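Everything below concerns the one structure shown next.
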Amino acid sequence: MFEKTTSRLEKRSSRLFDVMKESPDRWFNRSELAKAIEKRKLSAYDIAMLEILQARGLIQIEFRDNRTPIGFEFVYRLADGA
């Protein structure tokens, strides 16, 4: 059972990582990443995969101010040297 979970994790996180690899200097917000993987929006699982990629040192995550009601958004990009 552990192997199935691990393989799903790798498949989902590699799709998100591949999107960022195509434009290594670009910051993506969540809606841009969702669109790139042909989804309406990122799921909680997708966001968890992004956090795992960050923990592995493969991507950077920041939040920036914006004009939405919440007042900020998360942005993601490939880490330097990844």
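Okay, so the sequence shown: first residue is 20 according to the numbering used here, each after it adds one. Virtual Cβ for every residue (Gly too), placed ideally from N, Cα, C. No experiment lies behind these values; they were computed from the predicted model shown.
How should TYR95 be labelled, buried or exposed, when 16 other C-beta atoms within 10 angstroms of its C-beta is the threshold for buried?
Here residue 95 is taken as the residue at index 76 of the sequence shown, counted from 1. Around the C-beta of TYR95, 16 or more other C-beta atoms lie within 10 Å, and the residue is accordingly described as buried.
Span separating the alpha-carbon of GLU29 from that of THR87
For this step, residue 29 is matched to residue 10 along the sequence shown. For this step, residue 87 is matched to residue 68 along the sequence shown. So the two alpha carbons sit approximately 32 Å from each other.
With DSSP run on the structure shown, which of helix, strand or coil describes GLU81?
As a first step, residue 81 is located in the sequence shown; it is residue number 62 there, counting from the start. GLU81: strand per DSSP, three-state reduction.
Terminal residues of the alpha helix (DSSP H) in which GLU70 lies
Residue mapping note: residue 70 aligns to position 51 of the sequence shown, counting from 1. DSSP places GLU70 inside the alpha helix (DSSP H), whose first and last residues are 63–74.
Okay, do the region 30–40 and the region 55–74 touch, 3+ Cβ pairs below 8 Å being the bar?
Yes, the region 30–40 touches the region 55–74.
I'd like the list of long-range same chain contacts for PHE91, defined as Cβ closer than 7 Å, with 5 residues on each side in sequence excluded.
By 1-based counting over the sequence shown, the position of residue 91 is 72. Residues PHE82, ARG83, ASP84, ASN85 of the same chain have their beta carbon placed closer than 7 Å to that of PHE91, with the five preceding and five following residues left out of the count.
Just confirm the distance between the C-beta atoms of SER42 and MET68, as a whole number of angstroms; I'd bet it's less than 8 Å.
For the purposes of this step, residue 42 is identified with residue 23 of the sequence shown, where counting begins at 1. For the purposes of this step, residue 68 is identified with residue 49 of the sequence shown, where counting begins at 1. The Cβ separation is near 18 Å, so there is no contact.
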